[in-house]
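*Asks:* FYI, the numbering for the sequence shown is 429 to 663, going by my numbering. Beta carbons are placed, not taken as given, at the ideal position from N, Cα and C, and that holds for glycine. Please read all numbers here as calculations on a predicted model, not as lab measurements.
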Amino acid sequence: MPFAKEYIRYNDAMARAMAAAAEMLDDGRRRKKSDTRVRDYMIFMSRSLMRSMEVSAFAANEIPVNDREIIDMPSFCEELTSQCDIASGGRAKIVFTETDGEPFVSCLQSLRYIFLGQMRKILLNSEDRRNTFVIRSYRKDESLYFDMEAQDRHDFPESGRVQPPEVMNRCPDEMCTLLAERIGAELILKENGFTLCIPPCDFRGDVSMHSEDISPEGSHFSPYSIMLADMDPGE
429 MPFAKEYIRY NDAMARAMAA AAEMLDDGRR RKKSDTRVRD YMIFMSRSLM RSMEVSAFAA
489 NEIPVNDREI IDMPSFCEEL TSQCDIASGG RAKIVFTETD GEPFVSCLQS LRYIFLGQMR
549 KILLNSEDRR NTFVIRSYRK DESLYFDMEA QDRHDFPESG RVQPPEVMNR CPDEMCTLLA
609 ERIGAELILK ENGFTLCIPP CDFRGDVSMH SEDISPEGSH FSPYSIMLAD MDPGE
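1) If you run the structure through DSSP and keep just helix, strand and coil, what is M576?
2) Strictly by DSSP, which residues pair up with C625?
3) Give every residue of the same chain whose Cβ lies closer than 7 angstroms to the Cβ of F472, excluding the five residues on either side of it in the sequence, and list them in chain order.
4) What residues in its chain sit with their C-beta under 7 angstroms from that of V562, if we drop five residues either side in the sequence?
5) Taking all protein chains shown into account, decide if K618 is buried (16 or more other Cβ within 10 angstroms of its Cβ) or exposed.
6) Is S516 helix, strand or coil when you go by DSSP?
7) Where P628 and Y469 are concerned, what is the direct C-alpha to C-alpha distance, given to the nearest angstrom?
8) Report the option in S474, C625, S484 and C505 whose CA atom is closest to the CA atom of F649.
9) Given G621, which residues of its chain have a CB within under 6 angstroms of its CB, disregarding the five upstream and five downstream residues?
10) Could you check what DSSP says for E526 in three-state terms: helix, strand or coil?
11) Just tell me which of R610, E614 and N559 has its CA closest to the CA of F574.
12) Give the secondary structure of F543 by DSSP, where H, G and I count as helix, E and B as strand, and everything else as coil.
13) Would L536 and I499 qualify as a contact pair, given that the criterion is a beta-carbon distance under 8 angstroms?
14) From R557 to L572, what does the alpha carbon distance come to, in whole angstroms?
15) Measuring CA to CA, which of Y652, D495 and T509 is closest to R564?
16) Express the C-alpha separation of D528 and S647 in angstroms, rounding to a whole number.
17) Inspect the beta-carbon positions of L477 and I542 and report whether they are closer than 8 angstroms.
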């Protein structure tokens, strides 16, 4: 498996983090102190592990047919706008300038991680980890297109500069491209965003209607929280 080493390394890191946190918690208990830093650290490390595990799993495996679903465009736009704002603490603002109102067929979870992976890459290189993303969706030759463009300045590290060890920080473009390929889409990367082309799909066959909401609002481990919550400088 292409990302087996990443998986093993982060499992090891998680085990060490949990052990250290347990010691801190026990020490705090003995002193009769409640230390929220322990909880926050465990959540931070869990998100870091889940970013690599979730995205690597999606990129490394074919998307089963029954994971493709009919997605309601207005609901997807509303979810992306509200959840990005909540999870990022207002750092990721989404503006839709044009939307195609028709439903479409794809893998919703993969789509989330493609958008969030590129947003995370840009936010990590934006001033104060903030940016506004303008998105439009439209149809051309029966294919559905999404264009996303960051509006504010962001400077990517110079080539050769040491990057954070986490896979989604180190090679977000490669991961998002793999995700797009797994759902039969084409991802065209640009300096300030991307274009995603989703080819037409026959609604007949083994395709489910999407009706389930994402993790509850405010969840520490929804796709949005996993990808956008830990954005403080130095993380």
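*Replies:* Result, derived from the coordinates:
1) The residue given as residue 576 occupies position 148 in the sequence shown. Strand at M576.
2) Taking the sequence shown and counting its residues from 1, one reaches residue 625 at position 197. Y573 and E614, per the DSSP bridge assignment.
3) Numbered from its first residue, the sequence shown carries residue 472 at position 44. Contacts found: D658.
4) Taking the sequence shown and counting its residues from 1, the one referred to as residue 562 is at position 134. If you ignore the 5 residues before and after V562, its C-beta comes within less than 7 angstroms of the C-beta of V523, T525, E577 and Q579, all in its own chain and listed in chain order.
5) What you label residue 618 is simply residue 190 of the sequence shown in a count that begins at 1. Classification for K618: exposed.
6) Along the sequence shown, read from residue 1 onward, the residue named residue 516 stands at position 88. In the three-state reduction of the DSSP assignment, S516 falls in the coil class.
7) Start at 1 with the first residue of the sequence shown, and residue 628 comes out as number 200. Start at 1 with the first residue of the sequence shown, and residue 469 comes out as number 41. Their Cα atoms are separated by approximately 44 angstroms.
8) The residue given as residue 649 occupies position 221 in the sequence shown. The residue with the shortest Cα to Cα distance from F649 is S474.
9) Sequence index remark: in the sequence shown, residue 621 carries index 193 (1-based). The beta carbon of G621 sits closer than 6 angstroms to those of M576, E577 and A578, all from its chain and outside the five residues before and after it, given in chain order.
10) For the purposes of this step, residue 526 is taken as the residue at position 98 of the sequence shown. The answer is strand: DSSP assigns E526 an E or B state.
11) In the sequence shown, residue 574 corresponds to position 146, counting from 1. That would be E614, whose Cα lies nearest to the Cα of F574.
12) Stepping through the sequence shown from its first residue, residue 543 is reached at position 115. In the structure shown, the three-state DSSP call for F543 is helix.
13) Taking the first residue of the sequence shown as 1, we reach residue 536 at position 108. Taking the first residue of the sequence shown as 1, we reach residue 499 at position 71. Yes, the pair counts as a contact, with Cβ atoms nearer than the cut-off.
14) As a first step, residue 557 is located in the sequence shown; it is residue number 129 there, counting from the start. As a first step, residue 572 is located in the sequence shown; it is residue number 144 there, counting from the start. Rounded to whole angstroms, the gap between the alpha carbons of R557 and L572 is 30 angstroms.
15) Position 136 of the sequence shown, counted from the start, is the residue given in the question as residue 564. Taking the Cα of R564 as reference, the smallest distance to any Cα among Y652, D495 and T509 is reached at T509.
16) Mapped onto the sequence shown, residue 647 falls at position 219. Mapped onto the sequence shown, residue 528 falls at position 100. One C-alpha to the other measures close to 29 angstroms.
17) Mapped onto the sequence shown, residue 477 falls at position 49. Mapped onto the sequence shown, residue 542 falls at position 114. No, these two residues do not count as a Cβ contact at 8 angstroms.
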